[in-house]
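The listed protein sequences correspond, in order, to chains U and Z. Letter 38 of the first sequence, counting from 1, is numbered 1078 in the working numbering, and no numbers are missing. Letter 48 of the second sequence, counting from 1, is numbered 140 in the working numbering, and no numbers are missing. Glycine is no exception: its CB is placed at the ideal position from the N, C-alpha and C atoms. Since this is a predicted model, take the numbers as computed values, not measurements.
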Amino acid sequence: MSALDLPLREQAAAIAAGDADPGQLLDETLARIEQRNPAINAVVETFPERSREMLAAAPDGPLRGVPVVIKDEWPLPWRAQRFGAAELPAPTAPGESGPYKALRDAGATIVGVANMHELGAGSTGNVSYYGPARNPWNTERCPGGSSSGPAAAVAARLVAGAVGADGLGSVRFPAAYCGLTGLKPTFDRSAMAGHHMAAETTAIVSGPLCADAADCRLLGSVLCGEELSAGEVAGLRIGVVRDTVSEDVAPEVREACDAAVEALHAETGGEVRDVSLPDLERATLAAILVVNAEGLGGITPERLNNLHPEISPIARGFMKYRMLLPAAAILQSARIRTLMRRRLAALFEGIDVLAWPTVPAVAPPLEAPLVELPSGTLTADQANVRGAALANLTGIPSISMPVGLSSDEMPIALQLGAAWGRDELLLDAAEALERANGRRWVEALPPLARTETKAAEAR
Amino acid sequence: MDATDRAEDFIPAGLAALGIEADETDLAVMGAAHGMFWPPIRDLLSFDTVDIEPERQPDLSKAPES
C-alpha cells in the first residue's frame, strides 16, 4: 500500500521514522491528482515546483513532508485566492496567509488549491468558476460546500488532509456529504489571517477536513497553533436537539443519527436527554444576515455595476440583493445572537454536547440540489443551513462525523456541538463514536478510491 | 400582498436609491431571494427583543458574560 493511502497522522509518523520518503510521497500525490481529479474537479491548481520548494525547506514539524490541499479562500505567496469566482469583489493579492504559515511551519507540503462553491455562497459546491466539484461517492451528486474541493480531495484520497473554511457550515456540509470528519473550531481559535474578510467576520473560521477525528486533531492543532489534546470522554452528557427544524430530516438520516447517539452513549456512559432550543429558525436567519452583511465590506454600487461577466447570475443577483438588507434586521440579529449565546451557555451547564444531524438529507444531484424532507421539497441550501448556522452565530465549536450510508450508498453524518473552547471534547467524542462503530464509517471508501486502492493492493 | 408583490416595489426602489443597475436576470434572482428571505426578515423585525440586553463587544470565542 502506498503511504498516500495512510491516514494523515500515519503519513507523518512514517516520514518522521524514515519509513516513507516525502519526495516520493509528493510525486505519488501529484500523480494521483492527475489520475483521479478529472472525475471530481476537487483540485483546481497544482504547482509542483512550489510544492517541492516547500518540501525542501520543511522544518521538522508535526506534518513534515505530508501533502495537503487548501481551499481557494486564502492567499498563498505565489497565488491570490479567487474564492471560487471569476473575480473577487474585494481586492486580493498573493501573500502568506495564516493557514499557509501554519502549514508551512508544521512542515506540510501544500500540493494544490481546492475548489469551492462560488464566493462561499452555497452548501452544495455545484457552482464554481472552475466548474463544480463532484462527490467521490457518486460523481453526479453534490460534494457539499462551500469547501467542496477539500472534501472531495480527501474522500478520493488525493490527500489525507485539507484546510477548509466554515462561515455557515462550509466545513461540516462537505464533510457530511463526502463521509469525512470536519471540525469547525471555536471562533477565533484557528488561523484566519490573510482571508479577505478576516478583519470583518464574526463567523468564519478555518477548519480541517480529514477521514477521522485523530487526523482532524492533528491538522486542527496545526491550524490552531496549539495542541488539541486527546482526553478520556466518560460520562458524556448528550443533549439531543428536538425541534421542528432539527426533526425535519429524512427518515434514514434520523435513524442513523439516533443509532449513533445511542452508540456514543453506550461507549461513554453518561446520559442522553432531549433539549429544546427555541428560536432556532430566527437564529439561522440572524446568522445568514450577519454573514451576508459582513461580506459586503468594501463593496460599492459601482463595483456591483461592473462585476466580472463570468460571475454567475445567482451570485450577481444575490450580491445586489444583499445591499438592500435592512440595517434594523442586522441589529436585531445581534440581539438574537446574544439571546442564543446565553441560552447555549445555560444549556451547556447541564450537558456536554449537543447532537443533531449535520444535514437533513444525503447529497443531492448536482443538476438539481433539492432535498425531500417530511415538510416537503427544499433547496439543499435552505435545508442545510438550519442545522449549521447556530455554531457560527454563537461562536461554539462543532464537528461533523460519518455515521452511516443511505440506501443509495451516500454518507450520513451526525453533528456535535460543545461549549466555547471545548473543541478537544468534540474530537474525543468523535473518536469514542468511531470506537463504538468499529471505525466502520470513517474507514468506508467511496467507489472512486475503493476500486483503485484495492487494485493497488492486489498488485 | 405576498412577497413577490413586495419585491416589485421594494427591489427597484432600493436599487434606484443606491444607483445599482440590474438586468432581468438580476431582478429574477433578487425576486426569488426576496420571496425566500423577506417573510422571515419581517418575522425577525417583529420579534420583541426589548428585554435582551445586548452584549457589548461580545467575545465570540468565549461564553457570554452573564
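query: At least three beta-carbon pairs within less than 8 Å, the stretch 1393-1401 of chain U to the stretch 1427-1437 of chain U; result: yes
query: Inter-stretch contact at 8 Å, needing at least 3 Cβ pairs: the stretch 1450-1464 of chain U / the stretch 1204-1217 of chain U; result: yes
query: Interface positions of the stretch 106-118 of chain Z facing chain U (Cβ-Cβ less than 8 Å), listed along the chain; result: Gly106, Leu107, Leu110, Gly111, Ile112, Glu113, Ala114, Thr117, Asp118
query: Extent of the continuous beta strand (DSSP E) to which Ile1110(U) belongs; result: 1107-1111
query: Distance CB(Ile1080(U))-CB(Pro1176(U)) smaller than 7 Å; result: yes
query: Asn1037(U) versus Ile144(Z) - alpha carbon distance; result: No statement about residue 1037(U) is possible, as the shown extent of chain U runs from 1041 to 1499 and does not include it.
query: Reduced DSSP secondary structure (H/G/I, E/B, other) of Val1419(U); result: For the record, residue 1419(U) in the displayed sequence is Thr; it is not Val. If DSSP states are grouped into helix, strand and coil, Thr1419(U) belongs with the strands.
query: Within chain U, the residues that Glu147(Z) reaches when beta carbons sit closer than 9 Å; result: Ala1374, Arg1377, Thr1378, Arg1381, Arg1382
query: Nearest neighbour of Leu1445(U), chosen from Leu1198(U), Trp1481(U), Pro1414(U), Asn1424(U) [CA to CA]; result: Trp1481(U)
query: Residues bridged to Cys1250(U) [DSSP beta-bridge criterion]; result: Gly1201(U), Thr1221(U)
query: Delimiting residues of the beta strand (DSSP E) encompassing Glu1311(U); result: 1311-1315
query: Candidates Met1237(U), Lys1224(U), Asp1468(U), Glu1050(U): closest to Val1330(U) by CA position; result: Met1237(U)
query: Helix, strand or coil at Glu1085(U) according to DSSP, with G and I counted as helix; result: strand
query: Beta strand (DSSP E) runs contained entirely in the stretch 1261-1319 of chain U, provided each spans 3 or more residues; result: 1277-1281, 1311-1315
query: 6 Å Cβ shell around Ala1060(U) - same chain, five flanking residues per side excluded; result: Ala1043, Ala1054
query: Runs of alpha helix (DSSP H) lying entirely within the stretch 1089-1159 of chain U, each at least 4 residues, in chain order; result: 1138-1145
query: Straight-line gap, Glu1412(U) to Ala1146(U) (C-alpha atoms, nearest Å); result: 43 Å
query: 8 Å Cβ cut-off: residues of chain U touching Pro132(Z); result: Glu1321, Arg1322, Leu1325
query: 6 Å CB neighbourhood of Leu107(Z) in its chain, flanking five on each side removed; result: Ala114
query: Heavy atom of the ligand NAP within 6 Å of Leu1128(U) beta-carbon; result: For the structure depicted, the ligand NAP is absent and the ligand set is empty, with no information on it obtainable.
query: CB contact check: Pro1508(U) to chain Z, cutoff 7 Å; result: Within the shown structure, residues of chain U are numbered from 1041 to 1499, placing residue 1508(U) beyond reach of any answer.
query: Residue range of the unbroken beta strand (DSSP E) whose run includes Leu1456(U); result: 1451-1458
query: Alpha helix (DSSP H) segment containing Glu1474(U), residue limits; result: 1463-1476
query: Where Val1389(U) falls, given that 16 or more other Cβ within 10 Å makes a residue buried; result: It should be pointed out that residue 1389(U) corresponds to Glu in this sequence rather than to Val. Per the 10 Å Cβ criterion, exposed.
query: C-alpha gap between Glu1321(U) and Val1285(U), whole angstroms; result: 7 Å
query: Inter-stretch contact (C-beta, 8 Å, three-pair minimum) for the stretch 1403-1410 of chain U and the stretch 1168-1183 of chain U; result: yes
query: Where the alpha helix (DSSP H) through Glu1412(U) begins and ends; result: Here Glu1412(U) belongs to no alpha helix (DSSP H); instead the beta strand (DSSP E) covers 1410-1413.
query: Three-state secondary structure (DSSP) of Pro1442(U); result: strand
query: Which of helix, strand or coil DSSP assigns to Leu1394(U); result: strand
query: Short CB-CB distance (under 7 Å) between Arg1356(U) and chain Z; result: yes
query: Euclidean distance between Cα positions of Ser1137(U) and Pro1107(U); result: 18 Å
query: Under the three-state DSSP convention, the category Pro1405(U) falls into; result: strand
query: 6 Å CB neighbourhood of Pro150(Z) in its chain, flanking five on each side removed; result: none
query: Asp1206(U), DSSP secondary structure in three states; result: strand
query: Rounded straight-line distance, which links the Cα of Trp1460(U) to that of Pro1091(U); result: The identity of residue 1091(U) in the sequence shown is Ser, whereas the question assumes Pro. Whole-angstrom Cα-Cα distance: 35 Å.
query: Inter-residue spacing [alpha-carbon to alpha-carbon] between Ile1436(U) and Ile1278(U); result: 16 Å
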